[in-house]
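What follows is one structure encoded as structure tokens, with my remarks underneath.
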Amino acid sequence: MTVRAVVLPGTPLLVPGAAGAATVLEEEREAALAALGRLVDGVPDDGSVPVVVVAPGTPRPAGPVRGPARASLAAAGVADAWVDPTWAAATRHDDRPVAGVAASVGLLALAGAGWAGPVEVLEVGGQDAAAARAAGAALARRGARVVVMDDPRLAAPAGVLDGLGLPGDDADARAASPVRAGATSAVRWYDDGPAPSAGSGVSR
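Here the sequence shown stands for residues -21 to -1, 1 to 183, where the numbers follow mature numbering (1 follows the signal peptide of the UniProt record, and there is no 0).
So this is what it looks like as structure tokens:
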């Protein structure tokens, strides 16, 4: 089964090292890496199948990031040197614009899952559901594999999923982690298999 989209909680705490020596969100991190591994499984690293991180953007003088970007959690008070070395591979593209915090979490997580191919970043207005829906539809037409950074307070993540032809709730998602303190949402993914039955468990 092909995984089309993975939804991750858009919190820097998902990144190992972001909380210093504290151990947080281990279960969510493990689930995220497993889901992302499925997302990029079999994807060539030549860019012929787009891998895209879609995240709510924040107003910045340079505008939203669209295209290749460098990950940085500096805006959240996390230095690159604190990030786990494997994940930190996404911070080493100095010639690229810096992604926002939520998009950076997605870039770092893809690197942590072992993906070394190209990644596009698409930042959309957090409350602009129409723009997010249009972005999701455009990505669906391109056959993209999509990482959606979630924040239940914002309309954009659900709009992207709607544009991709996926439900914004958990009805047809494979839930990979619970929602716990420190996480904004659960890790989940959408594939082309039949929808899980009500109450059925999902293996990682």
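Ideal Cβ placement from N, Cα and C applies to all residues, glycine included.
Under 8 Å, do residue i and residue j count as touching if we go by C-beta distance?
i: residue 168; j: residue -16; result: yes
i: residue 87; j: residue 60; result: no
i: residue 144; j: residue 119; result: yes
i: residue 3; j: residue -9; result: yes
i: residue 117; j: residue 75; result: no
i: residue 85; j: residue 12; result: no
i: residue 166; j: residue 7; result: yes
At which residues does the alpha helix (DSSP H) containing residue i begin and terminate?
i: residue -14; result: Residue -14 -> not in any alpha helix (DSSP H); beta strand (DSSP E) instead, spanning -19 to -13.
i: residue 91; result: 80 to 91
i: residue 8; result: 5 to 18
i: residue 141; result: 135 to 142
If you follow the beta strand (DSSP E) that residue i is part of, which residue opens it and which one closes it?
i: residue 35; result: 30 to 36
i: residue 105; result: Counting along the chain, residue 105 falls outside any beta strand (DSSP E), and DSSP gives it neither H nor E.
i: residue 127; result: 124 to 129
i: residue 170; result: 167 to 170
How many Å lie between residue i and residue j at the Cα?
i: residue 67; j: residue 141; result: 31 Å
i: residue -11; j: residue 96; result: 23 Å
i: residue 44; j: residue 73; result: 15 Å
i: residue 109; j: residue 139; result: 9 Å
i: residue 62; j: residue 27; result: 30 Å
i: residue -20; j: residue 16; result: 11 Å
i: residue 23; j: residue 122; result: 13 Å
i: residue 176; j: residue 55; result: Because the pLDDT of residue 176 is 46, which lies under 50, any placement of that residue in the model is unreliable, and the question is left without a value.
i: residue 111; j: residue 57; result: 28 Å
i: residue -2; j: residue 99; result: 28 Å
i: residue 1; j: residue 51; result: 20 Å
i: residue -6; j: residue 71; result: 17 Å
i: residue 94; j: residue 170; result: 19 Å
i: residue -4; j: residue 146; result: 31 Å
i: residue 18; j: residue 79; result: 22 Å
i: residue -18; j: residue 126; result: 9 Å
i: residue 10; j: residue 53; result: 25 Å
i: residue 14; j: residue 128; result: 13 Å
i: residue 46; j: residue 77; result: 11 Å
i: residue 32; j: residue 83; result: 9 Å
i: residue 124; j: residue 89; result: 12 Å
i: residue 101; j: residue 130; result: 15 Å
According to the neighbour-count rule (16 or more other Cβ atoms, all chains shown, within 10 Å of its Cβ), is residue i buried or exposed?
i: residue 36; result: buried
i: residue 20; result: exposed
i: residue 81; result: buried
i: residue 64; result: exposed
i: residue 34; result: buried
i: residue 25; result: exposed
Legend entry - Cβ contact check for the region 128 to 138 and the region 104 to 113: 3 or more pairs under 8 Å: yes
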